Structures are given as structure tokens and as C-alpha cells.
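Engineer: At position 458 of the sequence shown (counting the first as 1) the number is 458 in the numbering used here, and the numbers step up by one without a gap. Just passing along the structure, written as C-alpha cells.
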Amino acid sequence: MNIQNYINGVYRLPLSNDYIDNYNPANGIVYGKTPNSNTEDVAIAFEAANSAFKSWSKTTLEERSRILIKISELLEANLERFAKAESIDNGKPLSLATSIDIPRAASNFRFFGNAITQFASESHESVGLNAVNFTLRQPLGVVGCISPWNLPLYLFTWKIAPAIAAGNCVIAKPSEVTPMTAYLLGEICTKAGLPKGVLNIVHGLGTTTGQAIVEHPNIKAISFTGGTATGAHIARVAAPMFKKLSLELGGKNPNIIFADCDYDTMLETTVRSSFANQGQICLCGSRIFVEEKIYEKFKKDFVQKVKQLKVGHPLDVSTNIGALVSKPHLEKVASYIKIAEDEGGRILCGGIEVTVKGFENGYYLQPTVIEVQNNSCSINQEEVFGPVVTIMPFTTDKEALRLANDIKYGLSATLWTNNLNRTMQFSQTLQTGIVWVNTWMLRDLRTPFGGAKESGVGREGGFEALRFFTEPKNICIKY
Ligand code: NAD
């Protein structure tokens, strides 16, 4: 299916007249074309957004809320169609797209549709000076949202929903690797009655379309999720124009397991936190540190469970691990397994590309567990973003904390223990934006979401996102 841009409420071909191939990762076949939009396409999207802003920014909160919730309902009503499209485009198991990706995209609209009606600003009485201050929270204008391929509609809408709820108009670009559900979203927005120009979806490569959005002098803010190197590049382009920036970047998250944890829950969750979505979630715990006392037992049990995961066609209901998103990505992940071996890592299971019968050209890889000797090897320091985890033992709390923090990234950490003092000490000392204790990826959309160190700048989620997408203006009245 060929994709078009969604600008000013209608689908249209790109002025660039340039297209890129869209591959189905399950079989390696090109199944559509995606526009590679240029600066002219971004310019017309900007004009549409800018014209819509005057009226949308003055639209009542009740009306904005009503439309966002309507989009949410329409996504739910089209769950099957969207989930299938996401699975085909990305390679993720259909079961995952049906239970996580699309429901969460719907929740994003519902959540921010409700949150905007509760979003309040501050006032300060300047006692003794006969003055009162209050703060207006005004929308920024036209903003840019750029998202990655791993959770396509989930992360795309996580930005768009708060941006439009707060009264902004948006130019959004999904990843060129997984454009399909973002394309389908346009028609849902039209049906929900979102006024034309409020959301404009332009497709294309990061280096052409993405770059054109970031470089546009009148786009006031960029909300970006993707790799750390891309985030650094965007910051360099946007900073001299004083754009507001929210950057959600890479991760290499520790999963720290103590002997006093609830072992069975830990084991089951660790299989998920390692390999869900083929390990292509920025929050996956790819460095597993296990207290020495239970290390050998964990190693045996974990490897046994991982070996049971079925690699298969994404649309097959019995599949646990689908296809990786693209051929270059599969090659990158496989190259890291080789590097790990060269650096002394021992492959306990997986490590090989597999073929799925009937889909021999798909991008499949066995879930891989590698035992490493130290935390300084490349496989422990660099983001692989695939179905590959490492395990190594530790003996003391101090050592576990040092290993967890000895990395340039700081997105999330998972801790398995039933010791309260240890929980608090680790929670305070882990250098990450998110800490999960005795769970993984349990999300409450009101909480601040984002990374420390090279995992990002700023926070999404709840009122943090609404604060990002508004400019505070203080008014001081003397009476
Ligand atoms: P990427 O950085 O290659 O691309 C992300 C998006 O940026 C895409 O839409 C791409 O087209 C665009 N882009 C690329 N170059 C650009 C440029 N010069 N200007 C503007 N836009 C540009 O990342 P990816 O490979 O799509 O995604 C994987 C990365 O995303 C991983 O590093 C992962 O950790 C990260 N990620 C982070 C989070 C988080 O919340 N922190 C969530 C998901 C994924």
C-alpha cells in the first residue's frame, strides 16, 4: 500500500515526488512506497498548522478534550486493523500490537483528553506589596514531533496527544521504517472532527524530512524520541534557534537481581524485560546482574526459559519473537554478538539468525543470552536494541550499584529485592530517570517519563508533557 502525507486534513502526494521502499520485515518484501518529503512539503504543512493555530488555541478545553477522546474511541473501534498494520510494518507479534501498542495509542489520546481539563497554573500573592501574580500557560504555536520505529503508533501519539491537547498545532514525522499506522491515523483524526491543519503528518527520511522540520525557523519546539546520536545532532541544529527541546534517547538498562526476591515472578518478568518486542524497547533490561548466591540457578533457569521462546511469523498466534524491524538492524544486532564473542563473552543460547519456513527472507534472530566477565565490554556499554542480553554475577550491594551506574546511559533500571533499605538506597543512587522495583514496564501515564545522562533531556508524561508544550507567562497585578 502506498502512503501519502496528511496535510490540512487531507491526504496528498509529496511535492518532492520522491519515494522510499517500505519493507515487510517478516518476509523481506517491499510492500509499499513512502513519500520522502522535502522542505517544500514541510513548508506547506507549516502553513496549514499555522493557519489552524489561531482558532485551535482558542478552542475550549471541553471541545479539545471531546475530540481527543473521540480519536481514542475510533482507534479502539479499529483495533484489529491497526494492530495488523503495525505487526506487518514492524515485524512485532500481532498479539503484542493488539494487547499493547494500539490500546496504548488509544490511551494516550484519552489520557491527555482528560488531563487537559485538569491542567492548572500557579498564582502567588505578593503579601505586603499589594500585588498578585498569576501564570498563564499558553500553547507554543506550531511544534514538531519526531518518533522512532520500535513502538510506532504508541510513541507517535505519546507526543501528538499532549501537543494538541495543550492547543498547539503539530507537524509530525513517524519513522520512515514504520510509517503505516501514522498514515492510517490521519483518517481517524478527520472522522473524529479534528479541525484541518491541527495535525499534519509528513513522511520521509530523518536526514531530509526530519532535518527540514528541525531546521524550520518558525517551528517552536521539537519533541524527539530516537537514538542518542540523532538527539545530539538535533540539539546542535535547534539550539541556536532557541527551540524548546524534549529528547528521549537510547538506553542500556541494568536489571539487578538479589537472592531475596520473589524468584518465580522475577524469572518470568526478566524473560519479558529482555525480549519483549524482540528486545527493541528502549526500556528493556539488557544488562542482567545477578547476586552470586543464585547466579548458577538463575543462569540455568533463565536459559531454559529463553530456549522455549518461539521465533515465528508475526501474524502467527503462537509466536513469541517476531522479526527484527529491518535488514540493516538485523545485521547490526548480529555484528554485536560477534563482537561480544571476540571480547570473551560466552553465548549461552541463541546467537544465530534463523529462518522461518515459508518466510526465508525475513529478519529473524534467536533470542540470545551472553555471559560476560566484566561491564566494560562493548556489548555491555553500547546499545544493541535487539534480542540480546548479557548476564554476570555480583557479590555486594556496592558492586551492583557501581556496575549499574557505570554506563553513559541513564534511562531505566529494574531492581529485584524484598529488602526495604536496599530498595531505598538503590532508588536514591541509581542514575536513571525511572526505577522499577519488583516489576518492569508498569506504566502510569501521570508519572514523569524520561532519561538521565545520555538517555535524554526533559520528561514526558502527565503534566510534564503539558508543561513542555506550553509557555509559562507570569502576570503581576498591583492593586
Ligand atoms: P533514530 O534516531 O535513527 O530515528 C528516530 C527518528 O528520528 C526517525 O523518525 C528518524 O527518521 C528521525 N531522524 C533521523 N535523523 C534525523 C535528523 N537528522 N533530523 C531529524 N530527524 C531525524 O532512531 P531509531 O533507530 O528510529 O530508534 C531507535 C532508537 O530510539 C534507540 O536508540 C532507542 O533507545 C531509542 N528510543 C528511545 C525511547 C525513549 O523513550 N527514551 C523510546 C523508544 C526508542
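Don't be surprised by glycine CBs; every beta carbon is placed ideally from N, CA and C. Because the structure is a prediction, the values reported are computed rather than measured.
Express the C-alpha separation of Asn133 and Val127 in angstroms, rounding to a whole number.
Structural biologist: Translated into the one-based positions of the sequence shown, residue 127 becomes position 127. Translated into the one-based positions of the sequence shown, residue 133 becomes position 133. Taking the straight line joining both Cα atoms gives about 11 Å.
Engineer: When every heavy atom of the ligand NAD is checked, does at least one fall within less than 8 Å of the C-beta of Asn150?
Structural biologist: Position 150 of the sequence shown, counted from the first residue, corresponds to residue 150. Yes, the beta carbon of Asn150 sits closer than 8 Å to at least one heavy atom of the ligand NAD.
Engineer: Among all the DSSP beta bridges, which residues are the ones paired with Cys284?
Structural biologist: Here residue 284 refers to the residue found at position 284 of the sequence shown. DSSP, once it has assigned bridges, lists no residue as partnering Cys284.
Engineer: Short check: CB of Tyr11 to CB of Asn22, under 9 Å?
Structural biologist: Translated into positions along the sequence shown, residue 11 becomes position 11. Translated into positions along the sequence shown, residue 22 becomes position 22. Not in contact: Tyr11 and Asn22 (Cβ atoms no closer than 9 Å).
Engineer: Is DSSP giving Met1 helix, strand or coil here?
Structural biologist: Numbered from its first residue, the sequence shown carries residue 1 at position 1. Met1 falls in the coil class under three-state DSSP.
Engineer: From Gly28, Ile213, Asn2 and Ile67, pick the residue whose C-alpha is nearest to that of Asn17; which is it?
Structural biologist: Numbered from its first residue, the sequence shown carries residue 17 at position 17. If we check each option's Cα against that of Asn17, Asn2 comes out closest.
Engineer: Beta-carbon within less than 8 Å of Val354's beta-carbon, same chain only, minus the 5 sequence neighbours each way: which residues are those?
Structural biologist: Indexing the sequence shown from 1 puts residue 354 at position 354. The answer, listed in chain order, is Val311, Tyr364, Leu365 and Gln366.
Engineer: Using 9 Å as the threshold, is the C-beta distance between Ser286 and Glu399 below it?
Structural biologist: Locating residue 286 in the sequence shown gives position 286, where the first residue counts as 1. Locating residue 399 in the sequence shown gives position 399, where the first residue counts as 1. No, the pair does not count as a contact, with Cβ atoms beyond the cut-off.
Engineer: Compute the beta-carbon to beta-carbon distance between Asn78 and Ser37, rounded to the nearest angstrom, for a pair I have assumed lies under 8 Å.
Structural biologist: The sequence position of residue 78 within the sequence shown is 78, counting from 1. The sequence position of residue 37 within the sequence shown is 37, counting from 1. About 25 Å separates the two Cβ atoms, so there is no contact after all.
Engineer: Could you round the C-beta distance between Thr228 and Glu47 to whole angstroms and report it? I think they count as a contact, below 8 Å.
Structural biologist: By one-based count along the sequence shown, residue 228 stands at place 228. By one-based count along the sequence shown, residue 47 stands at place 47. Contact flag wrong, Cβ pair sits at about 33 Å.
Engineer: At the level of alpha carbons, what is the spacing between Pro446 and Gly206?
Structural biologist: Stepping through the sequence shown from its first residue, residue 446 is reached at position 446. Stepping through the sequence shown from its first residue, residue 206 is reached at position 206. Going by the sequence as given, residue 446 is Arg instead of Pro. Rounded to whole angstroms, Arg446 to Gly206 spans 30 Å at the Cα level.
Engineer: Do Val237 and the ligand PLP come close, with the Cβ less than 8 Å from some heavy atom?
Structural biologist: In the structure on display, the ligand PLP does not appear, and the ligands it does have are the ligand NAD.
Engineer: Check for me: the beta strand (DSSP E) holding Cys482 runs from which residue to which?
Structural biologist: Lying outside 1 to 479, the shown extent of the chain, residue 482 is not represented and no answer is given.
Engineer: Would you identify the three-state DSSP class for Tyr19, choosing helix, strand or coil?
Structural biologist: Residue mapping note: residue 19 aligns to position 19 of the sequence shown, counting from 1. Note: Tyr19 maps to strand in three-state DSSP.
Engineer: Report the residue from Thr414, Gly458 and Asn50 whose alpha carbon sits nearest the alpha carbon of Thr439.
Structural biologist: What you label residue 439 is simply residue 439 of the sequence shown in a count that begins at 1. Among Thr414, Gly458 and Asn50, the Cα nearest to that of Thr439 is on Thr414.
Engineer: Going along the chain, which residues of its own chain have a beta-carbon closer than 6 Å to the beta-carbon of Ala340, five neighbours each way excluded?
Structural biologist: Sequence index remark: in the sequence shown, residue 340 carries index 340 (1-based). Excluding sequence neighbours, Ala340 sits near Ile370 and Ile379.
Engineer: Let me check understanding here. Comparing Cα to Cα, which of Ser123, Asn375, Ile477 and Pro314 lies closest to Gly358?
Structural biologist: Your numbering for residue 358 matches position 358 in the sequence shown. Selected option, being the one with the closest Cα: Pro314.
Engineer: Just to check, is the beta-carbon of Leu155 closer than 8 Å to a non-hydrogen atom of the ligand NAD?
Structural biologist: On the sequence shown, residue 155 is found 155 positions in, with the first residue counted as 1. Yes, the Cβ of Leu155 comes within 8 Å of a heavy atom of the ligand NAD.
Engineer: Go ahead and label Ser376 buried or exposed: buried means 16 or more other beta carbons lie within 10 angstroms of its beta carbon, across all protein chains shown.
Structural biologist: As a first step, residue 376 must be located in the sequence shown, where it is residue number 376. Counting Cβ neighbours within 10 Å, Ser376 comes out exposed, since fewer than 16 surround it.
Engineer: With 16 as the cutoff for other CB atoms within 10 Å, does Gln278 come out buried or exposed?
Structural biologist: Position 278 of the sequence shown, counted from the first residue, corresponds to residue 278. Gln278 comes out buried.
Engineer: Would the beta-carbon of Lys173 be found less than 8 Å away from any heavy atom of the ligand NAD?
Structural biologist: Taking the first residue of the sequence shown as position 1, residue 173 is located at position 173. At least one heavy atom of the ligand NAD is nearer than 8 Å to the Cβ of Lys173, so yes.
Engineer: Using 8 Å as the cut-off, classify the Cβ of Glu464 as near or not near the heavy atoms of the ligand NAD, replying yes or no.
Structural biologist: On the sequence shown, residue 464 is found 464 positions in, with the first residue counted as 1. Result no, Cβ not under 8 Å from the ligand NAD.
Engineer: Determine the DSSP secondary structure at Met441, reduced to helix, strand or coil.
Structural biologist: Along the sequence shown, one-based indexing puts residue 441 at 441. Coil at Met441, not helix or strand.
Engineer: Confirm the yes/no value for this check: CB of Gln211, any heavy atom of the ligand NAD, distance under 8 Å.
Structural biologist: Start at 1 with the first residue of the sequence shown, and residue 211 comes out as number 211. Checking every heavy atom of the ligand NAD against the Cβ of Gln211, one is found closer than 8 Å.
Engineer: Cβ of Ile164 within 9 Å of Cβ of Leu68?
Structural biologist: Residue mapping note: residue 164 aligns to position 164 of the sequence shown, counting from 1. Residue mapping note: residue 68 aligns to position 68 of the sequence shown, counting from 1. Contact flag set, yes.
Engineer: Taking the alpha-carbon of Ile288 as reference, which of Arg66, Lys299 and Cys282 has the nearest alpha-carbon?
Structural biologist: Sequence index remark: in the sequence shown, residue 288 carries index 288 (1-based). Minimum Cα distance to Ile288 is reached at Lys299.
Engineer: Quick one: is the Cβ of Val177 within less than 8 Å of any heavy atom of the ligand NAD?
Structural biologist: By one-based count along the sequence shown, residue 177 stands at place 177. Checking the Cβ of Val177 against the ligand NAD gives yes.
Engineer: Beta carbon of Val376: closer than 8 Å to some heavy atom of the ligand NAD?
Structural biologist: Residue mapping note: residue 376 aligns to position 376 of the sequence shown, counting from 1. According to the sequence provided, residue 376 is Ser. The question's Val does not apply to it. It does not: the Cβ of Ser376 is nowhere closer than 8 Å to a heavy atom of the ligand NAD.
Engineer: Use the C-beta contact count for Thr178: other C-beta atoms within 10 angstroms, 16 or more gives buried, fewer gives exposed.
Structural biologist: The sequence position of residue 178 within the sequence shown is 178, counting from 1. It counts as buried.
Engineer: Please report the straight-line C-alpha distance between Ala481 and Glu40, rounded to a whole angstrom.
Structural biologist: No answer is possible for residue 481: it lies beyond the span of the chain, which begins at 1 and ends at 479.
Engineer: Please identify the residue among Glu80, Ala106 and Leu194 whose C-alpha is closest to the C-alpha of Leu94.
Structural biologist: The count along the sequence shown starts at 1 and reaches residue 94 at position 94. Of Glu80, Ala106 and Leu194, the residue nearest in Cα terms is Glu80.
Engineer: Taking 8 Å as the cut-off, is the CB of Val369 close to at least one heavy atom of the ligand NAD?
Structural biologist: Within the sequence shown, numbered from 1, the residue matching residue 369 stands at position 369. Incorrect: Val369 has no Cβ contact closer than 8 Å to the ligand NAD.
Engineer: In chain order, which alpha helix (DSSP H) runs of at least 4 residues are fully inside the region 24-111?
Structural biologist: Counting whole runs of 4 or more residues, the region 24-111 contains the alpha helix (DSSP H) stretches 39-56, 61-77 and 79-90.
Engineer: So if DSSP puts Trp436 in a beta bridge, which residue, or which two residues, is it bridged to?
Structural biologist: The sequence position of residue 436 within the sequence shown is 436, counting from 1. According to DSSP, Trp436 bridges with Thr414.
Engineer: Report, in whole angstroms, the separation of the C-beta atoms of Thr34 and His203, which I expect to be a contact under 8 Å.
Structural biologist: On the sequence shown, position 34 is the one that residue 34 refers to. On the sequence shown, position 203 is the one that residue 203 refers to. Going by Cβ atoms, the distance from Thr34 to His203 rounds to 5 Å, so yes, they are a contact pair.
Engineer: Measure the C-alpha to C-alpha separation of Phe82 and Val437 and round it to an integer number of angstroms.
Structural biologist: The residue labelled residue 82 in the question sits at position 82 within the sequence shown. The residue labelled residue 437 in the question sits at position 437 within the sequence shown. In a straight line, the C-alpha of Phe82 is about 33 Å away from that of Val437.
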